[in-house]
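Position one of the sequence shown corresponds to residue 1 (full-length UniProt numbering), numbered consecutively onward.
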Amino acid sequence: MGDILIVDDEVKLRTLLARTLASAGHRPVTVPDGESACAHLDAHSTDLVLLDLVMPGMDGLSVLRHVALGESPSPVMVLSGVGDVGTRVQAINEGAVDFVTKPFVVAELVARVNRHLGGPRSVGAETGRFLETGSLRLDIRRRRLETPDGPRALSEREAAVFASLLRRRGDVCTREELLHDIWGYDFDPGSNVLEVCVGRLRGKIGDASVIETVRGVGYVVAAG
Numbered sequence: 001m002g003d004i005l006i007v008d009d010e011v012k013l014r015t016l017l018a019r020t021l022a023s024a025g026h027r028p029v030t031v032p033d034g035e036s037a038c039a040h041l042d043a044h045s046t047d048l049v050l051l052d053l054v055m056p057g058m059d060g061l062s063v064l065r066h067v068a069l070g071e072s073p074s075p076v077m078v079l080s081g082v083g084d085v086g087t088r089v090q091a092i093n094e095g096a097v098d099f100v101t102k103p104f105v106v107a108e109l110v111a112r113v114n115r116h117l118g119g120p121r122s123v124g125a126e127t128g129r130f131l132e133t134g135s136l137r138l139d140i141r142r143r144r145l146e147t148p149d150g151p152r153a154l155s156e157r158e159a160a161v162f163a164s165l166l167r168r169r170g171d172v173c174t175r176e177e178l179l180h181d182i183w184g185y186d187f188d189p190g191s192n193v194l195e196v197c198v199g200r201l202r203g204k205i206g207d208a209s210v211i212e213t214v215r216g217v218g219y220v221v222a223a224g
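The following block contains the structure:
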């Protein structure tokens, strides 16, 4: 069970979520705006943030950027009535680990919360803060990649995939291993979530050759 921060300007929704999550055994705290969220996160350890995007004053994307700058960023699930593809992609690129469009089924939301809190796959739980290859340096705790063209914010799963590849430089990480270790499910030949994630990573790295595809097997970062 976890400490959860609920950030939303809708009083009824905050109250409903807090009551539901408390009954599921979690410890929810609610705040009505982005400024209050940042103040709480700076002062308290938080296992998961449920974040609205459209709020008076500081918006949700600004909160996401603030979270990413923290020494040990809390994972953030976005809950938003704005569900277009562009907004979803922007939120994920800013570091959100999940995006739920309002209105949502509360039972499904609780299941997603439990999934994010229940496994050992959070990037923040990895040992060792920095991994490097060539001119690239990955800060695992902050999910930030230092590149020759400047820093790049990574999503939780982008950071986890790159960290797995860096820890095994020179060895191939199979699709089955990456899907199981990071997404938490067994190999599904019809899923392309890993390929999409690697594609985003390559774009942020700026050099597609850093992560090599081993056709029919998986991916590898060259040793050296």
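Don't be surprised by glycine CBs; every beta carbon is placed ideally from N, CA and C.
These figures come from a predicted structure and were not determined experimentally.
Taking the beta carbon of residue 94 as the centre, do at least 16 other beta carbons fall within 10 Å, making it buried, or is it exposed? The residue given as residue 94 occupies position 94 in the sequence shown. So residue 94 ends up on the buried side.
Rounded to a whole number of angstroms, what is the C-alpha to C-alpha distance between residue 133 and residue 169? Taking the first residue of the sequence shown as position 1, residue 133 is located at position 133. Taking the first residue of the sequence shown as position 1, residue 169 is located at position 169. Straight across, the Cα-Cα distance linking residue 133 with residue 169 is about 9 Å.
Along the chain, where does the alpha helix (DSSP H) containing residue 177 start, and where does it finish? To locate residue 177, count along the sequence shown from 1; it is residue 177. First-last of the alpha helix (DSSP H) with residue 177: 175 to 178.
Can you check which of these residues, 142, 206, 12, is closest to residue 70 by C-alpha distance? If you number the sequence shown from 1, residue 70 lands on position 70. It is 142.
Residue 89 and residue 52 look like a contact to me (Cβ under 8 Å); what is the Cβ gap, rounded to whole Å? On the sequence shown, residue 89 is found 89 positions in, with the first residue counted as 1. On the sequence shown, residue 52 is found 52 positions in, with the first residue counted as 1. Actually they do not touch by this definition, with Cβ atoms about 18 Å apart.
Residue 24 to residue 44, Cα distance in whole Å? Against the sequence shown, residue 24 aligns to sequence position 24. Against the sequence shown, residue 44 aligns to sequence position 44. Roughly 21 Å separates the two Cα atoms.
For the putative contact between residue 109 and residue 162, defined by C-beta atoms under 8 Å, what is the C-beta separation to the nearest angstrom? Here residue 109 refers to the residue found at position 109 of the sequence shown. Here residue 162 refers to the residue found at position 162 of the sequence shown. Going by Cβ atoms, the distance from residue 109 to residue 162 rounds to 29 Å, so no, they are not a contact pair.
Excluding five sequence neighbours on each side, which residues of the same chain lie with their C-beta closer than 7 Å to the C-beta of residue 171? Start at 1 with the first residue of the sequence shown, and residue 171 comes out as number 171. Counting only Cβ-Cβ distances below 7 Å, and skipping sequence neighbours, we find 220.
Which residues in the same chain as residue 77 place their Cβ atom closer than 6 Å to its Cβ, once the five residues preceding and following it in sequence are excluded? As a first step, residue 77 must be located in the sequence shown, where it is residue number 77. Counting only Cβ-Cβ distances below 6 Å, and skipping sequence neighbours, we find 50, 98.
Taking residue 96 as the reference, which of 139, 61, 40, 182 has the closest Cα? Here residue 96 is taken as the residue at index 96 of the sequence shown, counted from 1. Of the candidates 139, 61, 40, 182, the one whose C-alpha sits nearest the C-alpha of residue 96 is 61.
Should residue 20 and residue 106 be called a contact, given that it needs their Cβ atoms to be closer than 7 Å? As a first step, residue 20 must be located in the sequence shown, where it is residue number 20. As a first step, residue 106 must be located in the sequence shown, where it is residue number 106. Against a cut-off of 7 Å, the Cβ pair of residue 106 and residue 20 comes out as a contact.
Residue 159 versus residue 144: straight-line alpha-carbon distance, rounded: As a position in the sequence shown, residue 159 is number 159, starting the count at 1. As a position in the sequence shown, residue 144 is number 144, starting the count at 1. Those two C-alpha atoms are separated by around 8 Å.
Residue 144 bridges to which residues according to DSSP? In the sequence shown, the residue the question calls residue 144 occupies position 144. Answer is 139, 153.
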